[in-house]
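Okay, so here's the structure we're looking at.
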Amino acid sequence: MWAYFTRRLIIAIPTLWVVITVAFFLMRLAPGGPFDQEAPLPPEIMANLKAAYGLDQPLWWQYFNYLGNLLQGDFGPSFKYKDFSVTELIGQGFPVSIQNGAAALFIAILFGIPLGTMAALRQNTGADHAAMTVAMTGIVVPNFVVGPLLALIFGIYLRDTMFALPVAGWNNGAFPNRILPVICLALPFIAYIARITRASLIETLRTNYVRTARAKGLPFRMVILRHAFKSAMIPVVTYLGPATVFLLTGSMVIETIFGLPGIGRYFVQGALNRDYTLVMGVTILAASMVIFINLLVDMTYAWLDPKVRYE
Amino acid sequence: MSDAPMNERRSGANLSVPNADALDKAADVEGRSLWQDAFRRLQANRAAMISAIVLIVLAFICFVGPAFVPWSYEEIDWDILEATPPNFETGHYLGTDSLGRDLLARILQGGQVSFLVGILATSVALVIGVAVGATAGFMGGRVDQFLMRFVDVMYAVPLMFFIIILMVVFGRNFYLMFLAIGFVEWLTMSRIVRGQTLTLKNKEFIEAARASGGSTASIILRHIVPNVLGVVIVYVTLTIPQVILLESFLSFLGLGVQPPMTSWGALIAEGAQEMEITPRTLILPAVCLSTTLFCFNFLGDGLRDALDPKDR
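Chains as they are written, first to last, in the working numbering: chain H, 1 to 311; chain G, 312 to 623.
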């Protein structure tokens with residue numbers, strides 16, 4: 001197990017390197033630069049700015065310089081947010097994204113798994129169809145539609161009632177400011193988790209070991225909880241891997257709609273402004289999380305499925 | 312296309328025929344291919360059939376409709392210049408947006424973009440995914456190792472971030488956008504095709520093809536690919552809505568199609584700006600987008616049930 005764990009961590013290094021390299025050169029291919037403005041800067045000032053950030057050096061030099069700084073934990077200065085280093089910006093944005101993401105993930109699991117389980121146990125009944133239609137609606141109504149609609153309802157139509165909620169800003173993490181973004185973020189994931197749970201549990205209930213457990217005379221509830229449920233969770237955990245990364249690295253859309261200072265919004269702004277170092281920093285952070293969470297998911301398999309062994 | 316696995320199943324079904332009388336009857340029954348069977352099952356699925364019809368109608372309206380709308384999507388009605396409710400006299404059947412452009416014409420044009428992105432980007436993903444998956448599965452060995460490690464590495468990449476970087480690089484070029492989305496959507500396809508190929512490659516009909524002198528390339532193209540089509544079609548139908556959603560998402564962030572051209576995502580973004588005054592500009596494109604996604608998902612589920620009877 002530990003050998004496997006270490007091996008995976010070692011493979012992560014070349015993977016990260018590929019991500020860094022591709023992202024670095026792709027960003028530089030993009031037309032325009034970080035100091036482009038509507039009114040062009042005088043050439044002398046532009047030259048000074050470029051020299052100050054090392055952009056006047058050849059590209060390969062910049063690349064190795066960046067890698068060297070990275071190895072020392074230095075993500076470089078942001079090009080757009082003057083006087084801020086990328087590390088500082090991520091340090092500000094990441095807690096916001098991760099708190100929202102974790103809350104949304106918690107809600108998604110809390111509602112998604114029971115909803116899917118109910119539907120599976122009442123397969124092909126009205127309750128099942130109703131639950132799955134609701135889940136499908138959660139999937140096909142994108143959260144960039146739900147977000148503005150909720151803002152419209154709670155921010156404008158219910159503005160003078162007790163249900164009024166703030167629809168923009170972070171306000172240092174005040175609870176009411178978090179409600180709408182977290183709900184928006186969680187809705188599609190509740191839907192996906194419910195669908196996957198249902199499909200997987202239905203399949204598990206048809207397996208021989210579940211039939212054996214029932215034939216032994218175990219009460220149905222025990223069969224579900226002790227035998228079927230654990231292995232039915234495997235596809236859900238598989239899905240939770242990428243979903244977690246997406247939720248934690250901040251849904252860019254949600255942060256844009258609700259004006260939250262998370263890293264998703266930094267990334268979109270950074271890409272549009274050609275803020276090379278900021279884009280690289282967020283990409284590296286996201287890639288590391290993908291790798292780490294995939295590993296975590298694989299570890300969870302070993303616990304959920306006794307057939308899975310790592311050595 | 313090879314009939315081998317289908318023959319296998321058909322003869323399997325006939326094994327239980329007990330007497331000559333029944334055999335005569337069986338001879339009268341017209342042979343049905345696996346595809347005809349699947350199509351019959353699909354026809355029996357009402358949700359899937361309705362979805363298919365709605366999709367065809369929607370696509371038809373989006374592509375033919377603009378010819379019957381008095382305004383074009385980029386034309387500004389200089390007498391209005393603001394969001395107005397539907398008005399049949401001026402020919403704005405669904406009203407105008409905040410710049411005085413005809414909302415119906417814009418929704419139709421947005422629909423064209425969404426359908427085109429969905430189909431073209433999925434085709435790119437389909438071609439790459441099937442080629443990589445079938446090659447890796449059939450060749451095995453080092454080729455398989457190399458291709459699948461590459462796919463593994465790609466899975467560890469935060470794709471959303473890369474699409475956004477690609478959009479910036481391509482300067483939001485309309486056609487390169489399809490390519491960019493297709494390039495990141497092929498991974499799962501290749502894994503599915505590889506898995507299918509692995510189960511197929513030891514079947515007798517492949518051996519027969521090889522014994523009769525078929526080259527590797529021709530076996531993959533003529534025998535492997537047609538036999539993985541069933542699974543691939545299901546996955547394609549489920550990828551199209553994902554791609555449409557992805558494009559809308561990018562357009563919502565201002566990274567997709569460029570004005571004056573529009574897409575449902577871009578219209579939703581515009582609508583969200585003015586929703587307090589004219590909720591219509593948000594809700595109408597949102598309904599179109601959601602209906603399309605809904606139908607594609609139902610059709611995909613129906614196809615899966617039809618082509619893979621195991622789970623019924």
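Cβ atoms here follow ideal geometry from the backbone N, Cα and C, with glycine treated the same way.
For clarity, every value in this text was computed on a predicted model and none was experimentally measured.
Neighbour flag for residue i against chain G, beta carbons, 8 Å
i        : result
H/Leu121 : no
H/Ile90  : no
H/Thr15  : yes
H/Phe267 : yes
H/Leu185 : no
H/Ile196 : no
H/Asn69  : no
H/Ile139 : yes
H/Ala271 : yes
H/Met136 : yes
H/Ala287 : yes
8 Å Cβ shell around residue i - same chain, five flanking residues per side excluded
i        : result
G/Leu566 : Ile475, Met478, Val479 and Arg483
H/Leu285 : Ile90, Phe94, Thr249 and Ile263
G/Leu509 : Gly448
H/Thr300 : Val237
Assigned exposure category for residue i - 16 Cβ within 10 Å defines buried
i        : result
G/Asp413 : buried
H/Gln123 : exposed
H/Asp36  : exposed
G/Glu518 : exposed
H/Gly73  : exposed
H/Thr366 : With chain H covering 1 to 311 only, the question about residue 366 of chain H has no answer from this structure.
H/Tyr209 : exposed
G/Thr527 : exposed
G/Tyr486 : exposed
G/Arg320 : Low confidence applies to G/Arg320: its pLDDT is 43, below 50, so where it sits in the model is not reliable enough to give any reading.
G/Arg453 : exposed
G/Thr548 : buried
G/Phe457 : exposed
G/Ser322 : Caution applies to G/Ser322, whose pLDDT of 44 falls short of 50 and renders its modelled position unreliable; the value that the coordinates give is listed next. It is exposed - the Cβ of G/Ser322 has fewer than 16 other Cβ atoms within 10 Å.
H/Asp83  : exposed
G/Gln507 : buried
H/Val282 : buried
G/Pro596 : buried
H/Ser251 : buried
H/Arg7   : exposed
6 Å CB neighbourhood of residue i in its chain, flanking five on each side removed
i        : result
H/Thr256 : Arg265
G/Gly613 : Leu353, Asn356 and Ala359
G/Leu431 : Phe489
H/Leu150 : Leu180
Beta-carbon proximity of residue i to residue j, cut-off 8 Å
i        : j        : result
H/Ala104 : H/Phe189 : yes
H/Tyr63  : H/Phe94  : no
H/Ala108 : H/Ile193 : yes
G/Pro377 : G/Ala349 : no
G/Gly448 : G/Ala577 : no
G/Leu564 : H/Val167 : no
G/Met500 : G/Gly440 : yes
G/Val428 : G/Glu558 : yes
H/Thr15  : G/Ala467 : yes
Below-8 Å beta-carbon distance, residue i vs any chain H residue
i        : result
G/Met586 : yes
G/Val479 : yes
G/Ser523 : no
G/Pro590 : yes
G/Phe605 : yes
G/Val464 : yes
G/Phe350 : no
G/Val424 : no
G/Ile474 : no
G/Pro377 : no
Integer-rounded CB distance, given that residue j should sit under 8 Å from residue i
i        : j        : result
G/Leu604 : G/Ile555 : 6 Å
G/Ser425 : G/Ser574 : 6 Å
G/Thr550 : G/Ala445 : Their Cβ separation, rounded to whole angstroms, is 17 Å, which puts G/Thr550 and G/Ala445 out of contact at 8 Å.
H/Arg198 : H/Met132 : 7 Å
H/Phe106 : H/Pro181 : Not quite, the Cβ-Cβ distance comes to about 14 Å (not below 8 Å), so this is no contact.
H/Ile139 : G/Asn513 : Contact doesn't hold; Cβ gap of about 38 Å is too wide.
H/Val146 : H/Leu260 : Actually they are not in contact, since the Cβ atoms of H/Val146 and H/Leu260 sit about 16 Å apart, beyond 8 Å.
H/Asp305 : H/Lys80  : Wrong, their Cβ atoms sit about 47 Å apart, outside the cutoff.
G/Phe560 : H/Phe144 : 7 Å
Chain-order list of residues whose beta-carbon lies under 7 Å from that of residue i (same chain, five-residue window excluded)
i        : result
G/Arg615 : Val545
H/Leu110 : none
H/Asn177 : Pro166, Gly169, Trp170 and Asn171
G/Gln693 : An answer regarding residue 693 of chain G cannot be provided, because it is not within the stretch 312 to 623 covered by chain G.
Residue-level contact to chain A via CB, residue i, 8 Å cutoff
i        : result
G/Asn608 : Structure shown: chain A not included; protein chains present are H and G.
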